[in-house]
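Undergrad: Protein chains in written order, with our numbering: chain A, 773 to 887; chain B, 144 to 253.
Backbone N, C-alpha and C define an ideal beta-carbon position, used for all residues, glycine too.
Let me give you the structure first, and then I'll get to my questions.
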């Protein structure tokens with residue numbers, strides 16, 4: 773049981789380049805989330821999904837797009853990267869009900885630098 | 144949304160208890176109190192949550208004030224592995240999301 777995994781772990785982009793971050797979970801969770809964390813700050817929610825085929829905006833959605841084509845995967849896309857998007861990105865998942873449903877499970881993070 | 148207030152940092156000695164305060168004076172009756180922690184270079188991990196009553200689990204205890212305007216996370220015997228940023232978060236009933244503040248950075252001295 774791998775839990776929540778994120779690919780890649782590190783990435784350096786040039787301004788204007790695009791990329792996709794992949795989050796995968798093997799716990800059959802309905803809810804999935806993408807956060808970003810800037811140095812010395814708490815996490816801020818970018819987008820989230822409450823089920824396959826659904827997505828919704830979080831606190832800081834501008835400059836990002838997401839897709840949830842399969843229940844176990846949640847993709848975060850940057851169409852035209854900017855230096856302000858340099859951050860550590862965390863994915864999380866959660867079940868909607870049942871035991872431990874209040875608990876979000878987080879991945880190890882992706883460290884992205886935009887030059 | 145109701146907000147939480149936590150001290151920026153706290154220090155503790157190894158094997159001593161740590162009491163982490165959290166103020167949430169604007170909490171509503173259906174807001175859950177969650178605690179997460181983030182070890183260095185890792186993603187956050189769930190610690191404990193509660194609504195009205197005090198809660199215990201293998202990691203910590205959560206003491207909730209009778210008026211629910213404050214709560215305290217208690218680590219009974221701090222170890223070096225407990226050095227982390229601890230986040231106190233209010234989650235409204237039926238809200239899917241968590242809102243993280245800056246948290247409290249806990250340092251444990253050997």
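Excluding the 5 residues flanking residue 805/A on each side, which residues of the same chain have their C-beta closer than 6 Å to its C-beta?
TA: Around residue 805/A: 820 and 864.
Undergrad: Residue 230/B and residue 243/B: beta carbons closer than 7 Å?
TA: Against a cut-off of 7 Å, the Cβ pair of residue 243/B and residue 230/B comes out as a contact.
Undergrad: Identify the continuous beta strand (DSSP E) that holds residue 846/A and give its terminal residues.
TA: That run of the beta strand (DSSP E) goes 845-850.
Undergrad: List, from N- to C-terminal side, the beta strand (DSSP E) runs of 3 residues or more that fit wholly inside the region 160-194 of chain B.
TA: The qualifying runs are 161-166, 174-181 and 188-193.
Undergrad: Looking at the ligand ZN, does it come within less than 6 Å of residue 840/A, judged from the CB to the closest heavy atom?
TA: For the structure depicted, the ligand ZN is absent and the ligand set is empty, with no information on it obtainable.
Undergrad: Could you tell me whether the Cβ atoms of residue 848/A and residue 793/A are closer together than 7 Å?
TA: Result yes, Cβ atoms of residue 848/A and residue 793/A sit closer than 7 Å.
Undergrad: Kindly list the residues whose CB is nearer than 6 Å to the CB of residue 817/A, restricted to its own chain and excluding five residues on each side of it in sequence; keep chain order.
TA: Same-chain partners within the cutoff: 807, 830 and 831.
Undergrad: Beta-carbon of residue 193/B versus every beta-carbon of chain A: anything under 7 Å?
TA: So, not an interface residue.
Undergrad: Check each candidate in 237/B, 227/B, 216/B and 158/B and name the one with the smallest Cα separation from residue 88/B.
TA: The requested residue 88/B is not part of the displayed model; chain B covers only 144 to 253.
Undergrad: For the beta strand (DSSP E) that residue 150/B lies in, which residues bound it at each end?
TA: Segment: none, residue 150/B is in no beta strand (DSSP E) and carries neither H nor E.
Undergrad: Use the C-beta contact count for residue 815/A: other C-beta atoms within 10 angstroms, 16 or more gives buried, fewer gives exposed.
TA: Its Cβ being crowded by 16 or more others within 10 Å, residue 815/A is buried.
Undergrad: Determine, for residue 164/B, whether the minimum Cβ-Cβ distance to residues of chain A falls below 7 Å.
TA: Judged by the 7 Å Cβ criterion, residue 164/B is not in contact with chain A.
Undergrad: DSSP has residue 819/A in a bridge; who is on the other side?
TA: Paired residues: 806/A and 829/A.
Undergrad: For the beta strand (DSSP E) holding residue 883/A, just list the boundary residues, first then last.
TA: Where residue 883/A is concerned, the enclosing beta strand (DSSP E) stretches over 882-886.
Undergrad: Taking C-beta to C-beta, are residue 862/A and residue 186/B nearer than 7 Å?
TA: Taking 7 Å as the Cβ cut-off, residue 862/A and residue 186/B qualify as a contacting pair.
Undergrad: Taking the straight line between their C-alpha atoms, what separation do you get for residue 220/B and residue 203/B?
TA: Roughly 9 Å between the two C-alpha positions.
Undergrad: I'd like to know whether the C-beta of residue 880/A is nearer than 7 Å to at least one C-beta of chain B.
TA: Closer than 7 Å to some Cβ of chain B, the Cβ of residue 880/A qualifies, so yes.
Undergrad: Using only alpha-carbon positions, find the residue among 184/B, 193/B, 218/B and 223/B that is nearest to residue 879/A.
TA: Checking every option, the nearest Cα to that of residue 879/A belongs to 184/B.
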